[in-house]
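**Student:** Position one of the sequence shown corresponds to residue 221 (our numbering), numbered consecutively onward.
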Amino acid sequence: MSFKRFFPAIVANLSAALSEILLMASSAWLIASAALHPPLSSLSIGITLVRTAGISRAALRYADRFISHKIIFKLLDDLREKIFLKAAKIFPLKSGRAHEGELLHDLTVSADLLKDFLPRVVLPLSTAALVMILLTFFLREPLLPIIFLANLIPIALKAADDSDYREKILDFNDGRDELTIFGTKPAIKRLNQAAKDFGAENFKITARQINFDTAFRVLNAAGFFFMLLKVAAVADTIALTVWTLIFLATLEIFAQIPPAIRTWKKIRSIKLPDEKISAAQISTTNHAVEIKNLSFKYTDEKIFDDFSLTIARGEKIAVVGESGAGKTTLLYLLMKLFVPNLGTIAINGKIAAATFTNYIFSASIRENFKILHENISDEEIFSALKLCGLENFDINAPIGEDGANLSGGERNRLQVALALAKDAEILILDEPTAGLDKNLAEKLISKLIEATKNRTLIVITHDSNYFSELGRIELVH
């Protein structure tokens, strides 16, 4: 967010604010002067100024809104792109889907806050500061900077912390099945207490903010009244009227400072998580996959400890293990969705993968292929579908959200077909025979082995019976 990017909006906002001050000042001069019943010709300059200020105020305010909103929409586009890229780098989280949802909420709320940075922070603060500088220079009045700085005091106020309440909600949600069996009353009591504590803290801070805002308004009014007394000592009645309205307009500008400071504090409090950091070293290999001395754990549970595995180019391998043995974790590590704590993983070539977590878009089969493979032809689509036994499917028919119109086995085979269509040297399949009867499963495996003659095939499965044709079976404990 560079200053150069915001400069046109700052100029437009300042010009609109000055035009409002000019309109109030010229109107005050015209009304006060007209009360003395002078010749109409002596009021012509004031009449012209009022008309000019009125027209320029409308035009400049429109320009201010147009320029600032144009910048905001561009900023919002950039923010959404950055948030998507950030999420793509850090998801999935080791801590599970509940915390992924919490983080996604934080990211989207952060975008909503950051898009307010220009209209609610930069413009109010910069306009107030520039008006203060201009009036200080014109009046030679040192009290104005003091009033301006006093309005920055809300920086010291802190916002209510909802982390404890949110943590208890997540814990309650994670353990809802166990709580249904053993009783929810103690958990609900803890949750209610956390909600009450958060509400009480939020009420206190809101009351404090209201008190501060009231105090600032009184302080501003007192300061400007004091300056008005100093002007009254040297100015005539008309000039005093003009300065009174100028000070009133400036008061309105200064009143925007505390809310702007609070918004700035919220934006500063945003802490996006770091990208995945690993002690693993990047390395190269002549094999398709080479894992050396791999160690990986989630929070406290260690999944791999000094694990090594080498897969040659073109080799067909089944990775077999019981539930919880780490098969899916190994898949995520190979796909670089997780990073190891120690050790090296070297991948030689591009990877195509079919997993249970892959999303199928609410569109036709053809459109799903086009999303992943932009330049794929219908012939290539039919070829991939035929390998998976889906050649009779209408590729233009809608398949529902995440493949809702397909059976479990059909959805799995479509995922395999989507992966096969990618020009990748390494193909990774997670439980490709799930939901299939023995006959269909054996046909699928035979076709996959035939179709991946020049590729490396890695199959993640809990059942090695269907994969006897693969050259090697690696057990994961």
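For every residue, glycine included, the Cβ atom is placed at its ideal position computed from N, Cα and C.
Since we're looking at a predicted model, the values are computed, not measured.
1) Only counting runs of 4 or more residues, tell me where the alpha helix (DSSP H) segments fall wholly within the region 447-485, in order along the chain.
2) Is DSSP giving A637 helix, strand or coil here?
3) Only counting the same chain, and skipping five residues up and downstream in sequence, which positions put a Cβ closer than 7 Å to that of L238?
4) With a threshold of 7 Å (Cβ to nearest heavy atom), would H289 be considered close to the ligand GDP?
5) Let's see if you can read the secondary structure: which residues bound the alpha helix (DSSP H) around K667?
6) Applying the criterion that 16 or more other CB atoms from any shown protein chain within 10 Å of the CB defines a buried residue, is P560 buried or exposed?
7) Report the rounded CA-to-CA distance for L280 versus V454, giving the unit in angstroms.
8) Count the other CB atoms, across all protein chains shown, that sit within 10 Å of the CB of Y282; report buried if there are 16 or more and exposed otherwise.
9) Let me know the alpha helix (DSSP H) ranges lying completely inside the region 572-658, each 4 residues or longer, listed in chain order.
10) Residues in the same chain with beta-carbon distance under 8 Å from I596, minus the five sequence neighbours each way, listed in chain order, please.
11) Should A232 go down as buried or exposed, given a rule of 16 or more other Cβ atoms within 10 Å for buried?
12) With which residues is A415 paired in a DSSP beta bridge?
13) According to DSSP, is K556 part of a helix, a strand, or is it coil?
14) Anyone know if the C-beta pair for F368 and F474 falls short of 8 Å?
15) Using beta-carbon positions only, say whether I680 and K547 come within less than 8 Å of one another.
16) Can the beta-carbon of S288 be found closer than 8 Å to that of L338?
17) How is E240 classed by DSSP in three states: helix, strand or coil?
18) Among residues of its own chain, excluding the 5 on either side of V351, which ones have a beta-carbon nearer than 7 Å to its beta-carbon?
19) Are the beta-carbon atoms of L634 and I585 separated by less than 8 Å?
20) What is the C-beta distance between A370 and L439, in whole angstroms, given that I count them as a contact (C-beta under 8 Å)?
21) Please state whether the Cβ-Cβ distance between L299 and L334 is less than 8 Å.
22) Under 8 Å, do F467 and L448 count as touching if we go by C-beta distance?
23) Just to check my reading of the structure: F576 and D650 have Cβ atoms closer than 8 Å, yes? What is that Cβ distance to the nearest angstrom?
24) With a CB to CB cut of under 7 Å and the five nearest residues on each side skipped, what residues in its chain are close to S235?
25) What did DSSP end up calling D298 once you bin it into helix, strand or coil?
26) Between S582 and E621, is the Cβ-Cβ spacing less than 8 Å?
27) Going by the beta-carbon positions, is the gap between L514 and G563 smaller than 8 Å?
28) What did DSSP end up calling A538 once you bin it into helix, strand or coil?
29) Applying the 10 Å Cβ sphere with the 16-neighbour rule, what's the burial state of P258?
30) Just to confirm the assignment, what range does the alpha helix (DSSP H) spanning L359 have?
31) Taking just the CA atoms, how far does I265 sit from L206?
32) How far does the beta strand (DSSP E) with L677 in it extend, from its first residue to its last?
33) Just reading off the alpha helix (DSSP H) that L364 is part of, what are its end residues?
34) Using DSSP bridges, identify the partner residues of T530.
35) On the CB-based measure, 16 or more other CB atoms within 10 Å of its CB, does S246 come out buried or exposed?
36) As a quick exercise: from D433, V462, K290, pick the residue whose alpha carbon is nearest that of E240.
**Tutor:** The short version:
1) Fully enclosed alpha helix (DSSP H) runs of 4 or longer: 457-474.
2) The three-state reading of DSSP puts A637 in helix, counting H, G and I together.
3) Within the same chain, L238 has no close Cβ partners at all.
4) By its list of ligands, the structure shown contains no ligand whatsoever, and the ligand GDP lies outside what it can speak to.
5) Run containing K667: 658-671, per the alpha helix (DSSP H) assignment.
6) Buried: at least 16 other Cβ atoms inside 10 Å.
7) Whole-angstrom Cα-Cα distance: 33 Å.
8) Y282 is exposed by the Cβ-count criterion.
9) Correct list: 585-592, 598-607, 628-640.
10) Its chain contains F589, K590, A641 as the residues whose beta carbon lies nearer than 8 Å to that of I596, once the 5 sequence neighbours on both sides are disregarded; these appear in chain order.
11) Burial is judged here by how many other beta carbons sit within 10 angstroms of a residue's own beta carbon; A232 has at least 16 and is buried.
12) According to the DSSP secondary-structure assignment, A415 is paired through a beta bridge with no residue.
13) Correct three-state label for K556: coil.
14) At the C-beta level, F368 and F474 come within 8 Å of one another.
15) Pairing I680 with K547 gives a Cβ-Cβ distance under 8 Å.
16) Yes; because the gap between Cβ atoms is below 8 Å, this pair is in contact.
17) The DSSP-derived three-state label of E240 is helix.
18) Here the set comprises A237, T470, I473.
19) Yes, they are a contact pair.
20) Between A370 and L439 a beta carbon distance of about 6 Å is seen, short of the 8 Å cut, so the two are scored as contacting.
21) Their beta carbons are under 8 Å apart, which means L299 touches L334 by this criterion.
22) Contact: yes.
23) Contact holds; Cβ gap of about 6 Å.
24) Excluding residues within five positions, the ones whose Cβ falls inside 7 Å are L280.
25) Helix, per DSSP.
26) Yes. Within cutoff.
27) Yes.
28) The DSSP-derived three-state label of A538 is strand.
29) Per the 10 Å Cβ criterion, exposed.
30) 343-359 is the span of the alpha helix (DSSP H), which, as asked, contains L359.
31) The structure shown does not extend to residue 206, since the chain spans only 221 to 697, so no value can be given for it.
32) 676-681 is the span of the beta strand (DSSP E), which, as asked, contains L677.
33) DSSP places L364 inside the alpha helix (DSSP H), whose first and last residues are 363-370.
34) The partner list for T530 (beta bridge, DSSP) reads E510.
35) S246 is buried by the Cβ-count criterion.
36) The residue among D433, V462, K290 with its C-alpha nearest the C-alpha of E240 is V462.
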